[in-house]
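Residue numbers (the numbering used here), protein chains in the order written: chain A, 41 to 147; chain B, 21 to 132.
From the three backbone atoms N, C-alpha and C, an ideal C-beta is built for every residue, glycine too.
A short write-up of the structure that comes next.
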Amino acid sequence: GIQVEQSPPDLILQEGANSTLRCNFSDSVNNLQWFHQNPWGQLINLFYIPSGTKQNGRLSATTVATERYSLLYISSSQTTDSGVYFCAVRYGQNFVFGPGTRLSVLP
Amino acid sequence: KAGVTQTPRYLIKTRGQQVTLSCSPISGHRSVSWYQQTPGQGLQFLFEYFSETQRNKGNFPGRFSGRQFSNSRSEMNVSTLELGDSALYLCASSWAPQETQYFGPGTRLLVL
C-alpha cells in the first residue's frame, strides 16, 4: 500500500512566526487534502489540492504530484493555529492519512 | 448549510457490549466514510458508503459493520466490544467518493 509521511512530527513556534509542513507520499494519488484537528478533535478541511498552489488567508498549500509531496505554509502564526495538521491522500478507493504534525504556537 | 453531525458525542460501554453510532451528512452529500482515530494507530479508514452501497472497507474485523440509508444517513455498529475499540470515531461526507471530504465532530467511545 501507499506510505504517507509528514514532517516534522512536532513543531513549536512563537506567535507571529512562519512555518512549513511537509507531506510525502510513496505513490501516485488521486487527490490530497490538508486538515487541521483542533483540541476538541474536530477535523477542519483546509485545502483540497491534488496539484498546484492554493491560498486561503495566512495559509497556502502546494502539491507537486510528479514529485509526490505537498507543502502547507502557515504565515504569521497565531495561538489558534495550534493543533495537529494532517495530510490525507486518496489512493485507489482508500483515503489514507499521514501521522500528522503537532503544532504548538506560544504567545 | 448544516455540517456533518454525529450522535452520540460521547459513549461509555463495557467489554462484550455492542454499540451503534450515527452520522448525518451535509445535505446533498451522498458519500459517507467512517474512520477510527487512536493514539497508537492514528487515523484509519473503516468503510465508505455511496448511494446505500459499501464501496470499500478498511482492514478491520467483521465486528465492525455499517450501512447507509436512502436519505444518505449512515450508521456503524461494533459488536462484542473490546478494550482496544476505545477511540474517536469520525464520519466524513462528500458529494461523491472522490470529492472533498468534510468531517463531523466525532464520537468518543470508551470501552471499560
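ARG130 (chain A) belongs to the set of residues whose beta carbon lies under 8 Å from a beta carbon in chain B. Note on the segment 71–116 of chain A: whole beta strand (DSSP E) runs with a minimum of 3 residues are 71–77, 83–88, 92–96, 99–104 and 109–114, in chain order. Residue state for GLY123 (chain A) is assigned as strand, using DSSP reduced to three classes. In this structure, the CA atom of LEU110 (chain B) is about 14 Å from the CA atom of SER51 (chain B). Going by beta carbons, SER113 (chain B) and ILE46 (chain B) fall inside the 8 Å limit.
ARG130 (chain A) counts as buried, since no fewer than 16 other beta carbons sit within 10 angstroms of its beta carbon.
For SER85 (chain B), the closest C-alpha among the options B:GLY23, B:TYR30, B:THR34 and B:THR40 is that of B:THR40. Cβ-Cβ distances below 6 Å link PRO81 (chain B) to nothing in the same chain once the five nearest sequence neighbours on each side are left out.
Minimum Cα-Cα distance from GLN43 (chain A) among the listed residues A:GLY140, A:VAL136 and A:LEU146 corresponds to A:VAL136. Taking C-beta atoms under 8 Å as the contact rule, TYR113 (chain A) and ASN64 (chain A) fail to qualify, at a distance of about 16 Å. For the segment 97–127 of chain B, there is no continuous alpha helix (DSSP H) assignment of 4+ residues that stays within its boundaries. For SER53 (chain B), the residues of chain A that pass the 8 Å Cβ criterion are PHE135, in the order they occur in the chain. Interface annotation, GLN118 (chain B): in contact with chain A, CB-CB separation under 8 Å. Judged by DSSP in its simplified three-state form, GLU72 (chain B) adopts coil rather than helix or strand. By the neighbour-count criterion, in which 16 or more other beta carbons inside 10 Å mark a residue as buried, LEU83 (chain A) falls on the buried side. Chain A places no beta carbon closer than 8 Å to that of LEU129 (chain B), leaving this residue out of the contacts. The straight-line gap separating the alpha-carbon atoms of GLY56 (chain A) and SER71 (chain B) is approximately 46 Å.
Rounded to whole angstroms, TYR30 (chain B) and TYR55 (chain B) show a C-alpha spacing of 16 Å.
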